[in-house]
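> Here it is, the structure in full.
Residue numbers (the numbering used here), protein chains in the order written: chain A, 1 to 414; chain B, 1 to 564.
Below, the structure is given as structure tokens:
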């Protein structure tokens, strides 16, 4: 999605192929880098300091390949796009924010939806705060969160609200749809207000609307009269869905041709060097000849990588994958070892222009690029850098792609 | 005397039968408006209500409909001029034959006109009527062969009607040609009407008729002798000309008689003229007697249906009249197939060979079902009825003016009431677990399995499912359920979980499967590309095949209650 956005912003004729991937799993928090080194688990309130340190310690890390200017521009363009598209995000340019996870832990992140911003302040000041959840809601428990945080935040209280209109198991998105109605938000604000009891901040699961999230959040906050913040739920989360909807709606408007229900069935590098892709669904297909391609196919869940019995393979071009020599080395014997697992750093090795390379460092194809979590030498889960890696590497790959002369692109019959 | 008895018997059967058919319109009940058991009293009430409604509506619009839709059939001309030509040829051809030929004793003779069947214009008009009917029959046969739907759904009634019409006309043509030709008839006529004992004069008349009037009589004198021919013509003018015009005006029969002329004596010896007369007479009488019991009844029912419909749509009429209109519609159908040509779901017939999907066939099935609720056609009718999307095109196109849309809606309600509702009705009689207990005994027929997508049996369909609940989250059906477990039994991701555990029987009867609106949100949002909506759809098809045989036990229908 990020690569398509940056390509479209540069005026590149772009086709995006493939399912929507794991975006619905996103918490809505856009991490840049929060932890380095992984072994010590050191938190970095300032991401740029962490980046500088990372470049010294891990010269193969994708962040080490990019310039700071590229990174700043990537963030700037992405946040501007989201805000302009009606999903305002906020970030402090020089520092990470602290956010509450759905299980009650705290993490560092770089950019957050405006509806979550107040959590950073609340975590810092720890005022009397009311955490609200809903009867039957899956993937979110105010009591669990409070149990984790109460040691350092004694003024934290919880309450559970029933939603009489929604009985039984309640998925976050179902509740979010319910709160798409303004009168429901008013009733919710009224119910919360009756239980405020001096609370100076209120935390809600991230379910306040899907498409009218902003105005409805403001409505509830205004009626409560205290800062309100959303806390991500477990996946699939509503903030992830808001991101997905925003990209799905806006990318075609920017000229990107999206083929979400299709997949690249076959990729060919022809003798003349042209890239050809057979794009197909269950029922039909067509061929595309492109000037360049960016592999942003993700890792195992996204099906960019495939773990065979003894080796990890790249699914589309069978590109060389950086990986441990033996399967026995994929995972550390200790599941929770601070070093993490070697398999998490497996992926595609790239050169300075984000082109996948062989073991000897030669690019596999001059116009084939890679971005995102498929890249090697990073552990985005432990380093808290998933979104940042996706956004900045996509920007860098598109920038390299844009230097290629025009021509060759087009679609043709099989 | 015997022939008169046969003819009057046929007429009586036709009249009584027609009255019986018309009476049936008030007897049977179609639709929810009036469900009291059929009885004479109920029929009388219905008849009275109908009379009241008709008299209140006035005669202006029905009479206009009679003129425009029946006499000129302009509503057919608007859509298809070929069909209009066919209809007009059949209708007016038969009118000519019936009025000027079959009923000549009652129509022409009482008028005192100079009528003899062998005089013109009557002979010419008879042949004109014959060629019109034959043209209409030929066009009807051609339409049946050219239209793929009609080709597959031709009924015995259609064939019988066309055969009767053709047999009546062809036997008439042959009879007339043999009569023109027959030496025996000539001799008999001479004996009766030629008042001359002069052999020379009689022979001259024979020669004249043989050479100029196409008779098969053998001329003993030379036919090129001008004096003999002049004498023959004189005799003809004296004794024959008053009743006989030149047979060439019988433009159908005369060429046939010319072709048969070499066989004239032999045909006489065989008594063919008598045989053909009886064939023609019996065919005509049979046609008349069968009028109320065959497709010919539409000659009465269709104009009445058109006139009644001119009074306004079914929903605008009095409730008592609605059932009558529907019953009338059943009889007014000519099985022309136009409704099926324009039916929005007719294409499904290619995949599901149930004729009751097509409106032209469904009306026949409905007729049989109203006669006998236990008829084997009931299940066909139920399946076909609920495939209908109520687009209304059949009503719009029906040349007989039947409000088919109203008929389907009413009969659907009757089907539901009698426990023959659509699958999503009877599936609700039990929950998923209850259905599962019976489903095990009804594995999917391999023949039906061949028509599925095969997703349920393919492990690769589900291997990527991580039970992330995205499908359930985005599902609008789950979103509107007050309590998903109570209202839907299972959520989409739970159905997927059962499928990957090969516990599909537990999912077959789940309301989620049946309430799925196939919006494909689940499939489009699945991060793992699982074909959730396709699987639900496949499950639904499988459930119909597997659960329908065990469904009647669970149906709370009136029938089932009655049997209990």
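Yeah, the Cβ is synthetic: ideal placement off N, Cα and C, and Gly gets one too.
If you drop the 5 nearest sequence neighbours on each side, which residues of the same chain put their C-beta closer than 8 Å to that of residue 77 of chain A?
Excluding sequence neighbours, residue 77 of chain A sits near 5, 6, 9 and 395.
> Using CA atoms only, rank isn't needed, just tell me which of A/175, A/20 and A/369 is closest to residue 249 of chain A.
With distances taken between Cα atoms, residue 249 of chain A lies closest to A/20.
> Alpha carbon to alpha carbon, how far is residue 509 of chain B from residue 421 of chain B?
The straight-line gap from Cα to Cα measures roughly 16 Å.
> Can you name, in chain order, every residue of its own chain whose Cβ lies under 7 Å from the Cβ of residue 354 of chain B, other than the five neighbours on each side?
380, 383 and 384.
> What residue from A/30, A/366 and A/195 has the CA that sits closest to residue 350 of chain A's CA?
When only C-alpha atoms are compared, the closest one is A/366.
> Using only alpha-carbon positions, find the residue among B/453, B/326 and B/390 that is nearest to residue 370 of chain B.
Answer by Cα proximity: B/326.
> Going by CA-CA distance only, name the one from A/122, A/89 and A/80 that's closest to residue 100 of chain A.
Of the listed residues, the one whose Cα sits closest to residue 100 of chain A is A/122.
> Would you call the segment 275 to 282 of chain A and the segment 22 to 40 of chain A touching, i.e. three or more CB-CB distances under 8 Å?
Counting Cβ pairs under 8 Å, fewer than three are found: no touch.
> Please work out which residues of its chain come closer than 7 Å, Cβ to Cβ, to residue 147 of chain A, disregarding the five sequence neighbours upstream and downstream, and give them in chain order.
Contacts found: 104.
> Chain B partners of residue 168 of chain A, CB-CB under 7 Å?
Under the 7 Å cutoff, chain B gives 483, 484, 485 and 486.
> Check for me: the beta strand (DSSP E) holding residue 268 of chain A runs from which residue to which?
Counting along the chain, the beta strand (DSSP E) containing residue 268 of chain A begins and ends at 263 to 269.
> So who's on the other strand from residue 106 of chain A, going by DSSP bridges?
Answer is A/100.
> Using a beta-carbon distance below 7 Å, is residue 468 of chain B in contact with chain A?
Output row for residue 468 of chain B: interface = yes.
> Could you run through the segment 146 to 168 of chain A and flag, in chain order, every residue whose CB is less than 8 Å away from some CB of chain B?
From the segment 146 to 168 of chain A, only 165, 166, 167 and 168 have a Cβ closer than 8 Å to chain B.
> Grab me the residues of residue 141 of chain B's own chain with a C-beta within less than 8 Å of its C-beta, minus the 5 sequence neighbours each way, in chain order.
Contacts found: 162.
> Following the continuous beta strand (DSSP E) through residue 417 of chain A, name the residue where it begins and the one where it ends.
Chain A is shown from 1 up to 414; residue 417 of chain A falls before or after that span and cannot be answered.
> Does any CB atom of chain B fall closer than 7 Å to the CB of residue 252 of chain A?
By this cut-off, residue 252 of chain A is not an interface position.
> What separation, rounded to the nearest whole angstrom, lies between the Cα atoms of residue 343 of chain A and residue 466 of chain B?
In a straight line, the C-alpha of residue 343 of chain A is about 20 Å away from that of residue 466 of chain B.
> For residue 136 of chain A, tell me which candidate among A/171, A/257 and A/383 has the shortest Cα-Cα distance.
Ranking A/171, A/257 and A/383 by Cα distance to residue 136 of chain A puts A/171 first.
> Does the beta carbon of residue 249 of chain A sit closer than 7 Å to a beta carbon anywhere in chain B?
Chain B contact via Cβ: absent.
> So, are the CB atoms of residue 513 of chain B and residue 423 of chain B less than 7 Å apart?
No, they are not a contact pair.
> Report the residue from B/215, B/503, B/211 and B/519 whose alpha carbon sits nearest the alpha carbon of residue 225 of chain B.
Residue 225 of chain B has its Cα closest to that of B/211, out of B/215, B/503, B/211 and B/519.
> Closer than 7 Å, Cβ to any Cβ of chain A: which residues of the segment 524 to 536 of chain B, in chain order?
Those residues of the segment 524 to 536 of chain B that come within reach of chain A (Cβ to Cβ, closer than 7 Å) are 524, 525, 527 and 529.
> Please list the partners that residue 473 of chain B has in chain A, where partner means a Cβ-to-Cβ separation under 8 Å.
The contacting residues are 24, 171, 172, 173, 174, 236 and 241.
> Quick one: residues in its chain with C-beta nearer than 6 Å to the C-beta of residue 363 of chain A, no 5 flanking neighbours on either side, listed in chain order?
351, 355 and 357.
> In this structure, what does DSSP give as the bridge partners for residue 238 of chain A?
In the DSSP output, where bridge partners are listed per residue, residue 238 of chain A has none listed.
> Determine the contact status of residue 305 of chain B and residue 364 of chain B, defining contact as a CB-CB distance below 7 Å.
Cβ distance not < 7 Å, so residue 305 of chain B and residue 364 of chain B don't count as in contact.
> State the Cα-Cα distance for the pair residue 273 of chain B and residue 174 of chain B, rounded to the nearest angstrom.
If I take the Cα positions, the gap works out to 9 Å.
> The beta strand (DSSP E) that contains residue 370 of chain A, what's its start and end?
Run containing residue 370 of chain A: 368 to 370, per the beta strand (DSSP E) assignment.
> Please decide whether residue 461 of chain B counts as near chain A, where near means a Cβ-Cβ distance under 7 Å.
By this cut-off, residue 461 of chain B is not an interface position.
> Comparing the C-beta of residue 299 of chain A with each C-beta of chain B, is any distance below 7 Å?
It does not; no Cβ of chain B falls within 7 Å.
> Could you tell me the distance, in whole angstroms, from the CA atom of residue 231 of chain A to the CA atom of residue 151 of chain A?
Using only the alpha carbons, I get a separation of about 19 Å.
> Looking at chain A, is there any beta carbon in it that lies within less than 7 Å of the beta carbon of residue 479 of chain B?
Taking Cβ atoms only, chain A reaches closer than 7 Å to residue 479 of chain B, which makes this a yes.
> Flag residue 18 of chain A as yes if its beta-carbon sits less than 7 Å from any beta-carbon of chain B, otherwise no.
False, the Cβ-Cβ gap to chain B never drops below 7 Å.
> What's the call for residue 471 of chain B, buried or exposed, on a 16-neighbour Cβ count within 10 Å?
Classification of residue 471 of chain B: buried, given that the 10 Å Cβ count is 16 or more.
> When the cut-off is 7 Å and only beta carbons count, does residue 177 of chain A lie next to chain B?
So yes, residue 177 of chain A belongs to the interface.
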